[in-house]
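If you read the sequence shown in the working numbering, its first letter stands for residue 748, the second for the next number, and so on. We put the beta carbon where it would ideally sit given N, CA and C, even for glycine. The model shown is predicted, which means the values in this text are computed figures rather than measured ones.
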Amino acid sequence: MKQIHGLYAITDRRFYRGRSLEEVTGDWLAGGVTCIQLREKDLNTRELLEAGRVLRRMTREAGALLIVNDRVDVAVALEADGVHLGQEDLPIRAAREILGEGRIIGISTHNVEEAREAAIQGANYIGVGPMRATATKTDTKPVVGIAGLRRIRQAVDLPIIAIGGIRLEDAEELAAAGADGLAVIRGLVDAEDILERAKAFVQAILRGRQRR
Ligand code: TZP
Ligand code: MG
748 MKQIHGLYAI
758 TDRRFYRGRS
768 LEEVTGDWLA
778 GGVTCIQLRE
788 KDLNTRELLE
798 AGRVLRRMTR
808 EAGALLIVND
818 RVDVAVALEA
828 DGVHLGQEDL
838 PIRAAREILG
848 EGRIIGISTH
858 NVEEAREAAI
868 QGANYIGVGP
878 MRATATKTDT
888 KPVVGIAGLR
898 RIRQAVDLPI
908 IAIGGIRLED
918 AEELAAAGAD
928 GLAVIRGLVD
938 AEDILERAKA
948 FVQAILRGRQ
958 RR
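In structure tokens, the structure reads:
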């Protein structure tokens with residue numbers, strides 16, 4: 748199974764300012780994004796599948812991973828590489844029964860306890876966040892920050908993807924503090940040149956990892 752690491756882009760069409768999902772995705776992949784998560788809360792199942800098909804084709808061509816947020820059924824239908832679950836979604840073991848060993852299951856965690864539990868339940872990676880307050884998701888837990896990231900890094904060996912309010916300026920420090928990857932929504936699309944922004948993130952993550 749491929750490991751999750753590097754620059755992890757999460758989709759959210761609300762912030763594309765007239766650019767299409769295809770266009771944005773093309774720039775991300777050309778810029779070095781290694782994983783894309785399909786997360787479009789306002790789409791119905793058919794629309795989600797349709798968006799996912801575009802992403803599946805493009806990620807496959809680029810050798811990047813496709814992860815589906817929340818929806819194990821949609822992940823199977825799309826032949827996605829895996830799913831990302833929240834603490835209130837389908838439990839990891841139930842998802843594993845459906846997906847089998849070959850697919851990636853990630854889960855959002857906010858403290859050492861949740862991170863340890865994710866490891867016990869067989870998660871393949873954990874999301875850790877929010878790193879900063881963010882307006883992108885309204886029901887986020889309190890900020891975990893870089894201090895929380897360090898505590899969780901000490902506690903578990905699973906790949907860690909930091910998330911929440913991450914800006915380009917934060918990327919190197921988060922990677923140096925133990926994040927194997929960074930999951931980003933706004934920070935990857937609030938630029939005129941999305942391709943250049945993605946490249947800059949990738950470089951910053953590499954610099955941070957070298958400091959570990
Ligand atoms: N989960 C925790 S924070 C968050 C999600 C999906 C939003 C991340 O978006 P942004 O724009 O990178 O803060
Ligand atoms: Mg969820």
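When DSSP builds the beta bridges, which residues end up paired with residue i?
i	result
T856	V875
Y755	C782, A930
L832	I854
Under 6 Å Cβ to Cβ from residue i, same chain only, skipping five residues before and after it: list those, please.
i	result
R914	G934
T806	I783, L813
G765	none
K888	H857
Once DSSP output is grouped into helix, strand and coil, what is the label at residue i?
i	result
A827	coil
V801	helix
L813	strand
E769	helix
A882	coil
For residue i, which residues in the same chain have their Cβ closer than 7 Å to its Cβ, ignoring the five residues on either side in sequence?
i	result
R798	For the record, residue 798 in the displayed sequence is Ala; it is not Arg. Same-chain partners within the cutoff: L768, L785, E787, L790.
Which complete alpha helix (DSSP H) runs does the stretch 904-951 hold, if anything under 4 residues is left out? Runs of the alpha helix (DSSP H) lying entirely within the stretch 904-951 and spanning at least 4 residues, in chain order: 915-923.
Do the stretch 757-768 and the stretch 783-801 make contact, defined as three or more Cβ pairs closer than 8 Å? yes
Do the stretch 822-833 and the stretch 854-867 touch if we need at least three Cβ pairs shorter than 8 Å? The answer is yes - the stretch 854-867 touches the stretch 822-833, with three or more Cβ pairs under 8 Å.
Is the stretch 917-931 in contact with the stretch 761-777, if contact means three or more CB pairs nearer than 8 Å? no
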